[in-house]
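Chains as they are written, first to last, in the working numbering: chain W, 132 to 291; chain A, 13 to 192.
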């Protein structure tokens with residue numbers, strides 16, 4: 132919330148400065164802003180609605196059940212899949228991860244879940260591929276998935 | 013009107029799925045619509061500002077300046093700027109890509125772009141505080157320190173994998189998006 136306010140205040144301020152210095156350039160900037168937003172808006176809105184459905188189905192309770200019950204590699208794999216397909220905001224991920232740890236879920240699985248939910252974006256892939264094309268988007272997501280396991284293993288060693 | 017319908021056909025199809033869900037499992041369907049509503053509100057509060065900033069950046073910052081700061085020969089400076097830009101950012105993951113596109117059009121190096129995306133997704137400052145309060149400072153700091161070299165490594169390998177013609181195609185593609 133604080134960042135939303137900060138972002139909007141900053142933008143407003145820069146917009147006023149821009150307007151005072153050059154009206155024509157400012158109009159051009161706003162036109163460009165609208166053009167790029169209009170360009171990506173259909174994709175953005177699709178993702179938001181899809182995300183709504185996903186978050187409703189994969190509620191924190193369901194995720195806890197899925198990750199918390201299975202141990203070993205199966206648990207880690209489930210964590211990676213859920214983390215990758217959902218784009219859960221940190222506000223939900225971290226308390227969920229903390230609660231899962233407390234209830235005895237595997238540390239590695241939880242870190243993989245946290246890491247993949249941040250770095251790997253299956254739902255956001257269409258937007259990523261629109262800008263980076265497929266090869267770079269696939270490479271980046273695959274590496275992010277692989278390194279989520281690396282992070283989990285190293286963190287496990289350090290924090291135990 | 014038809015054009016608008018065509019552009020939003022995927023979104024309408026997904027809304028259709030949600031309506032079906034509403035009929036089959038009313039509770040879930042309603043929850044999904046509520047999620048969409050609150051996410052849309054968040055988007056409406058952040059996205060216009062982000063795109064206006066991008067428009068201003070596009071018109072006011074000269075290409076030479078961006079190349080100096082984040083371009084091929086920007087070295088450590090470019091990496092640090094990419095990192096800081098990503099870390100102070102607010103907004104959901106999918107907002108990074110249009111920003112990345114604008115930066116690329118201005119001449120930012122692809123390596124730095126992937127660093128920026130990595131920082132945006134894993135070391136965002138507002139999220140770090142939240143992480144520390146939920147998981148503890150030790151967890152947050154350890155993850156932060158481990159993630160920095162990993163972000164660089166991912167950027168390094170990704171850039172190597174698209175060397176040559178594919179990278180030219182990527183830059184041509186973002187240029188086309190900007191001018192379409």
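Even for Gly, the Cβ is constructed at its ideal location relative to N, Cα and C.
Under 8 Å between the Cβ atoms of residue i and residue j?
i: residue 40 of chain A; j: residue 146 of chain W; result: no
i: residue 233 of chain W; j: residue 71 of chain A; result: no
i: residue 322 of chain W; j: residue 134 of chain A; result: Only positions 132 to 291 of chain W appear in this structure, which leaves residue 322 of chain W out of reach.
i: residue 276 of chain W; j: residue 247 of chain W; result: yes
i: residue 158 of chain A; j: residue 286 of chain W; result: yes
i: residue 146 of chain A; j: residue 229 of chain W; result: yes
i: residue 19 of chain A; j: residue 173 of chain W; result: yes
i: residue 51 of chain A; j: residue 117 of chain A; result: no
i: residue 100 of chain A; j: residue 140 of chain A; result: no
i: residue 6 of chain A; j: residue 130 of chain A; result: Absent from the model: residue 6 of chain A. The displayed extent of chain A is 13 to 192, so no value can be given.
i: residue 155 of chain A; j: residue 282 of chain W; result: yes
Is any beta-carbon of chain W found at less than 8 Å from that of residue i?
i: residue 139 of chain A; result: yes
i: residue 186 of chain A; result: yes
i: residue 92 of chain A; result: no
i: residue 57 of chain A; result: yes
i: residue 170 of chain A; result: yes
When you compare the CB of residue i with every CB in chain A, is at least one pair closer than 8 Å?
i: residue 244 of chain W; result: no
i: residue 150 of chain W; result: no
i: residue 276 of chain W; result: no
i: residue 210 of chain W; result: no
i: residue 205 of chain W; result: no
i: residue 191 of chain W; result: no
i: residue 259 of chain W; result: yes
i: residue 266 of chain W; result: yes
Please determine, among the options, the residue with the shortest C-alpha to C-alpha distance to residue i.
i: residue 98 of chain A; options: A/132, A/181 and A/163; result: A/132
i: residue 187 of chain W; options: W/174, W/215, W/219 and W/160; result: W/219
i: residue 65 of chain A; options: W/189, W/212, W/144 and W/191; result: W/144
i: residue 126 of chain A; options: A/140, A/137, A/111 and A/138; result: A/111
i: residue 226 of chain W; options: W/160, W/202, W/192 and W/272; result: W/192
i: residue 256 of chain W; options: W/241, W/240 and W/273; result: W/273
i: residue 128 of chain A; options: A/107, A/143 and A/179; result: A/107
i: residue 49 of chain A; options: W/184, W/160, W/161 and W/171; result: W/184
i: residue 213 of chain W; options: W/203, W/243 and W/163; result: W/243
i: residue 249 of chain W; options: W/231, W/261, W/211 and W/235; result: W/211
i: residue 204 of chain W; options: W/288, W/260, W/291 and W/284; result: W/284
i: residue 209 of chain W; options: W/222, W/221, W/223 and W/245; result: W/245
**Request:** For the region 169 to 184 of chain W and the region 41 to 51 of chain A, state whether three or more C-beta atom pairs, one from each stretch, are separated by less than 8 Å.
**Result:** Verdict: yes, contact present.
**Message:** With three or more beta-carbon pairs closer than 8 Å as the criterion, would you say the region 260 to 267 of chain W touches the region 27 to 34 of chain A?
**Reply:** no
**Prompt:** Is the region 53 to 65 of chain A in contact with the region 134 to 150 of chain W, if contact means three or more CB pairs nearer than 8 Å?
**Reply:** Cβ pair count under 8 Å is three or more, so yes.
**Message:** Under 8 Å, with one C-beta from each stretch per pair, do the region 117 to 124 of chain A and the region 80 to 99 of chain A reach the 3-pair mark?
**Reply:** By the Cβ criterion, the region 117 to 124 of chain A is in contact with the region 80 to 99 of chain A, since at least three pairs of Cβ atoms, one from each stretch, lie closer than 8 Å.
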